[in-house]
Amino acid sequence: MNRLLVKSVRAIRRYTSLAYWRGRGSRTFEIEGVTATFTTEGHAARSLQIFDEGEREMVRDMVSNVDDDDVFWDIGGHLGFHSCLVGQCTDRVETFEPTSVAADRARKHAATNDVDAAVHEYALWDANETLTLEPDSVATGGEGPVTVPARKGDDLVDDELPQPNVVKIDVEGAEPRVVDGMRETLADDQCRLVYCEVHRPAETRPSVEDHGATVEEFLDSLRDLGFTVETIMDRGLDLHVKAHAV
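Count the sequence shown with UniProt numbering and you get residues 1 to 246, in order.
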């Protein structure tokens with residue numbers, strides 16, 4: 001079977017799957033005995049498909065290592081997939097999603113799954129300022145660039161939010177900014193696990209290099225905070241890592 005035919009078959013399967021789940025209206029995921037149900041309206045079906053194809057291993061590790069009294073920070077919460085699954089295993093979830101369309105969907109998903117998640121509509125960053133982001137159409141409802149507030153994670157812990165025990169970061173290349181803004185929080189003895197999707201350079205979207213660090217320099221920044229870093233999955237352009245406190 002030649003390469004073009006393989007691509008065509010995959011495209012047909014993907015389209016058929018999307019049509020099926022959009023028609024169903026919702027989709028339930030089960031990972032390590034943990035279940036959560038999400039709506040499949042519009043572009044959400046494609047987001048769920050991407051999640052299903054690429055995020056299961058990371059979520060499997062998360063739900064296997066989170067304790068019921070942990071505080072989980074989901075940074076780059078998008079539609080709330082990680083928050084809802086991990087939220088079945090712990091009592092406190094803080095979700096950070098700066099775009100209002102995605103944040104609203106995350107709240108609805110949390111309510112559907114009876115997860116007590118507080119959804120905060122601002123980005124985590126290395127400074128308290130205002131940012132202009134160009135997220136995907138799922139996050140914005142097709143509105144294009146959006147202006148959002150940004151906060152330092154360390155300031156949030158000082159002012160209002162509980163110290164996290166487990167952190168997930170998926171912020172389209174801005175991982176170094178997030179970590180630089182919450183170094184004290186991550187270095188705290190109570191923070192024992194950090195899961196991160198590290199974005200390598202690509203033509204179609206930003207990477208860690210657009211935010212001042214190579215992949216290895218970013219991983220070293222986690223090591224400098226007292227973590228041992230291991231790879232959960234290498235997807236080529238994206239690297240899923242788990243950093244656990246030494």
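Using N, Cα and C, we set each Cβ at its ideal position, and we do this for glycine too.
Inset, instruction - With DSSP as the reference, label Thr231 as helix, strand or coil. - result: Locating residue 231 in the sequence shown gives position 231, where the first residue counts as 1. Thr231: strand per DSSP, three-state reduction.
Legend entry - Proximity of His109 and Cys89 at Cβ, strictly below 8 Å: For the purposes of this step, residue 109 is taken as the residue at position 109 of the sequence shown. For the purposes of this step, residue 89 is taken as the residue at position 89 of the sequence shown. Going by C-beta atoms, His109 is not nearer than 8 Å to Cys89.
Legend entry - Distance, Arg46 Cα to Glu53 Cα: Numbered from 1 along the sequence shown, position 53 holds the residue referred to as residue 53. Numbered from 1 along the sequence shown, position 46 holds the residue referred to as residue 46. Between Glu53 and Arg46, the C-alpha separation is close to 11 Å.
Inset, instruction - Assign Arg92 to one of three DSSP states: helix, strand, or coil. - result: Residue 92 sits at position 92 when you count from the first residue of the sequence shown. Residue state, collapsed to three classes: strand.
Inset, instruction - Tell whether a beta-carbon distance below 8 Å holds between Val198 and Asp238. - result: Mapped onto the sequence shown, residue 198 falls at position 198. Mapped onto the sequence shown, residue 238 falls at position 238. For Val198 and Asp238, yes; Cβs fall inside 8 Å.
Legend entry - Local conformation of Thr204 per DSSP, three classes: Translated into positions along the sequence shown, residue 204 becomes position 204. Looking at Thr204 - three-state DSSP - the assignment turns out to be coil, as it is neither helix nor strand.
Legend entry - Residue span of the beta strand (DSSP E) that contains Val109, given as start and end: Working through the sequence shown from its first residue, we reach residue 109 at position 109. One detail in the question is off: residue 109 reads as His in this sequence, not Val. Element bounds for His109: not the beta strand (DSSP E) but the alpha helix (DSSP H), 100–112.
Legend entry - Cross-strand partners of Glu197 (DSSP beta bridge): As a first step, residue 197 is located in the sequence shown; it is residue number 197 there, counting from the start. Glu197 is bridged to His240.
Legend entry - Nearest-angstrom Cβ-Cβ length linking Val179 and Val171, presumed shorter than 8 Å: As a position in the sequence shown, residue 179 is number 179, starting the count at 1. As a position in the sequence shown, residue 171 is number 171, starting the count at 1. Contact between Val179 and Val171 is ruled out by a C-beta separation of about 10 Å, above the 8 Å threshold.
Legend entry - Stretch pair the stretch 110–119 + the stretch 86–101: three plus CB contacts closer than 8 Å: The stretch 110–119 vs the stretch 86–101: in contact.
Legend entry - Simplified DSSP assignment, three categories, for Leu186: To locate residue 186, count along the sequence shown from 1; it is residue 186. Note: Leu186 maps to helix in three-state DSSP.
Legend entry - Residue nearest to Glu184 in terms of C-alpha spacing, selected from Cys196, Arg200, Gln163: For the purposes of this step, residue 184 is taken as the residue at position 184 of the sequence shown. Here the closest residue by C-alpha is Gln163.
Inset, instruction - Report the rounded CA-to-CA distance for Glu175 versus Trp73, giving the unit in angstroms. - result: Taking the first residue of the sequence shown as 1, we reach residue 175 at position 175. Taking the first residue of the sequence shown as 1, we reach residue 73 at position 73. Whole-angstrom Cα-Cα distance: 14 Å.
Inset, instruction - Have a look at Glu129 and Asp61 and give me their C-alpha separation to the nearest angstrom. - result: Taking the first residue of the sequence shown as 1, we reach residue 129 at position 129. Taking the first residue of the sequence shown as 1, we reach residue 61 at position 61. Those two C-alpha atoms are separated by around 34 Å.
Inset, instruction - Can you have a look at Val246 and say buried or exposed, based on whether 16 or more other CB atoms are within 10 angstroms of its CB? - result: The residue labelled residue 246 in the question sits at position 246 within the sequence shown. Exposed.
Legend entry - Ile75 classed as buried or exposed, judged by whether at least 16 other C-beta atoms fall within 10 angstroms: Residue 75 sits at position 75 when you count from the first residue of the sequence shown. Looking at its Cβ environment, which holds 16 or more other Cβ atoms inside 10 Å, Ile75 is buried.
Legend entry - Short Cβ contact (8 Å threshold) for Ala117 with Gly87: By 1-based counting over the sequence shown, the position of residue 117 is 117. By 1-based counting over the sequence shown, the position of residue 87 is 87. Yes, the pair counts as a contact, with Cβ atoms nearer than the cut-off.
Legend entry - Three-way DSSP call (helix, strand, coil) for Asp170 in this model: As a first step, residue 170 must be located in the sequence shown, where it is residue number 170. In the structure shown, Asp170 sits in coil (DSSP, three-state: anything other than H, G, I, E or B).
Legend entry - Contact set for residue 310: own chain, Cβ-Cβ below 6 Å, skip 5 residues either direction: In the structure as shown, the chain begins at 1 and stops at 246. Residue 310 is therefore absent and cannot be evaluated.
Inset, instruction - Tell me whether Glu53 sits in a helix, a strand or coil according to DSSP, three-state version. - result: Here the question's residue 53 lines up with position 53 in the sequence shown. Residue state, collapsed to three classes: helix.
Inset, instruction - Compute the distance between the beta-carbons of Ala102 and Leu131, then report whether it is under 8 Å. - result: Walking along the sequence shown from the start, residue 102 turns up at place 102. Walking along the sequence shown from the start, residue 131 turns up at place 131. Ala102 is not a Cβ neighbour of Leu131, given a cutoff of 8 Å.
Inset, instruction - Kindly indicate which three-state DSSP category Ala127 falls into: helix, strand or coil? - result: Indexing the sequence shown from 1 puts residue 127 at position 127. Correct three-state label for Ala127: coil.
Inset, instruction - Under 8 Å Cβ to Cβ from Arg192, same chain only, skipping five residues before and after it: list those, please. - result: Position 192 of the sequence shown, counting from 1, holds the residue named residue 192. Within the same chain, Arg192 has close Cβ partners Asn165, Val166, His244, Ala245.
Inset, instruction - Would you mind stating whether Pro149 and Glu134 have Cβ atoms separated by less than 8 Å? - result: The count along the sequence shown starts at 1 and reaches residue 149 at position 149. The count along the sequence shown starts at 1 and reaches residue 134 at position 134. The Cβ atoms of Pro149 and Glu134 lie no closer than 8 Å to each other.
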